[in-house]
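Sequential numbering from 7 applies to the sequence shown in our numbering. Glycine is no exception: its CB is placed at the ideal position from the N, C-alpha and C atoms. Remember, it's a predicted structure, so these values are computed and weren't measured experimentally.
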Amino acid sequence: MYKKLFSLTILFSLIFSAFPADIEKTTHTFAEREDVSLQLDIYKSNSDGTCQSVLLFVFGGGFKGGTRDQESYLDYFRYFAENGFTVVAIDYRLGLKNEKAPGVFNQKPLRRAIGLAVEDLYTATDYLIKNADKLLIDTSKVIISGSSAGAITVLHADYEHRNGMPSDTILSAGFQYAGVISFAGAIFSREGLPDYAMAPAPTLFFHGSADKLVPYRQIRFLNLGMFGSKPLAKRFKARSFPYLFYSMENIGHDVASYPIEKFQPEVLRFIRDYVFDKKPLMIDINYFDPNQESKYNQSAKYYYNLD
Numbered sequence: 007m008y009k010k011l012f013s014l015t016i017l018f019s020l021i022f023s024a025f026p027a028d029i030e031k032t033t034h035t036f037a038e039r040e041d042v043s044l045q046l047d048i049y050k051s052n053s054d055g056t057c058q059s060v061l062l063f064v065f066g067g068g069f070k071g072g073t074r075d076q077e078s079y080l081d082y083f084r085y086f087a088e089n090g091f092t093v094v095a096i097d098y099r100l101g102l103k104n105e106k107a108p109g110v111f112n113q114k115p116l117r118r119a120i121g122l123a124v125e126d127l128y129t130a131t132d133y134l135i136k137n138a139d140k141l142l143i144d145t146s147k148v149i150i151s152g153s154s155a156g157a158i159t160v161l162h163a164d165y166e167h168r169n170g171m172p173s174d175t176i177l178s179a180g181f182q183y184a185g186v187i188s189f190a191g192a193i194f195s196r197e198g199l200p201d202y203a204m205a206p207a208p209t210l211f212f213h214g215s216a217d218k219l220v221p222y223r224q225i226r227f228l229n230l231g232m233f234g235s236k237p238l239a240k241r242f243k244a245r246s247f248p249y250l251f252y253s254m255e256n257i258g259h260d261v262a263s264y265p266i267e268k269f270q271p272e273v274l275r276f277i278r279d280y281v282f283d284k285k286p287l288m289i290d291i292n293y294f295d296p297n298q299e300s301k302y303n304q305s306a307k308y309y310y311n312l313d
């Protein structure tokens, strides 16, 4: 009898432990800008009261659209909340709304849009730092991730903070992001291929080699240009900065979204290896899936003429 009860107890324990814990979502206002309230959503599973690592997400949309709670992101948020992270999805100001397509000879609106988004990301980060005790978060393990415009933003945020650029007026020098995850991102630079005065956070790059919206390689005129994941990973390798680069062969800007849905375990493995275990790895993966059809091959000119 006792053996049967014990067996049933173990069985029910295994069944219920297989189900994810309930996830709580709360919304907070972290800034007021131009009569607009900037908010962030926090997704957190039930915990034992210990501080959690943070995965902070910046949405995509070409700096002209998008929302922090877009349906296609929700599984990504749930996955990491279920794996013990405090997931934070933020608003930011859309600096390219109603603007023409950016380019080397029309780069001021893009520079402004990136600046606004980075400032808002820094402000959201500062809010988390100041409320860390209440939110039960570990500020030494804040990992930033983003899609498309969001990926550009997170790459810039770490790049500008590590270099102490004039835009870096919000975060203290004692704080550094613990990791960067970029889904089809790039860095705009006026000094040629970006370099780092201080070693960057370990960075995970995903990019499609056929991306026509955010350059996989670079769009450059003299030292002015937009530098994509391919040259950035090359720079990281030359300087022995830890990184992992998934080069998604023959895929376009789809890579801004589908790794969020299909590569969650790989992203988690990157965080565990590079951020938690601090492995000094430099890995390039040429990923080709003959069954993955590229559906997003629009150019920047086409995208910014849509409305």
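Which of helix, strand or coil DSSP assigns to residue i
i, result
"Gly-121", "helix"
"Gln-270", "helix"
"Gly-231", "strand"
"Leu-134", "helix"
"Asp-290", "strand"
"Asp-279", "helix"
"Asp-81", "helix"
"Thr-39", "Correcting the residue identity first, residue 39 is Arg in this sequence and not Thr. Of the three classes helix, strand and coil, the one that applies to Arg-39 here is strand, per DSSP."
"Ala-190", "coil"
Candidates the options: closest to residue i by CA position
i, options, result
"Leu-141", "Phe-181, Asp-75, Ser-263, Gly-55", "Gly-55"
"Ala-306", "Met-232, Lys-240, Tyr-128, Asn-297", "Met-232"
"Arg-196", "Tyr-310, Thr-73, Gln-113, Tyr-302", "Gln-113"
"Arg-278", "Leu-210, Thr-73, Lys-268", "Leu-210"
"Glu-30", "Phe-36, Arg-39, Ile-48, Glu-38", "Ile-48"
"Thr-304", "Ala-157, Asp-217, Ala-184, Leu-44", "Here residue 304 turns out to be Gln, not Thr, going by the sequence shown. Answer by Cα proximity: Asp-217."
Per-residue burial, residue i [other beta carbons within 10 Å of its own, 16 or more giving buried]
i, result
"Pro-248", "buried"
"Leu-219", "buried"
"Ser-153", "buried"
"Pro-296", "exposed"
"Arg-74", "buried"
"Ala-205", "exposed"
"Glu-125", "buried"
"Met-171", "exposed"
Identified DSSP bridge partners for residue i
i, result
"Lys-50", "Glu-30"
"Asn-112", "Gly-109"
"Arg-226", "Gly-231"
"Tyr-1", "Residue 1 is absent from the structure shown; the chain starts at 7 and stops at 313."
"Gln-182", "Gln-182 pairs with nothing; no bridge assigned."
Where the beta strand (DSSP E) containing residue i begins and where it ends
i, result
"Thr-56", "Neither: Thr-56 is in no beta strand (DSSP E) and is coded neither H nor E."
"His-259", "No beta strand (DSSP E) contains His-259, which DSSP labels as neither H nor E."
"Leu-161", "Careful: Leu-161 lies outside any beta strand (DSSP E), inside the alpha helix (DSSP H) at 155–168."
"Ala-203", "It is not in any beta strand (DSSP E) - Ala-203 carries neither H nor E in the DSSP assignment."
"Thr-92", "92–96"
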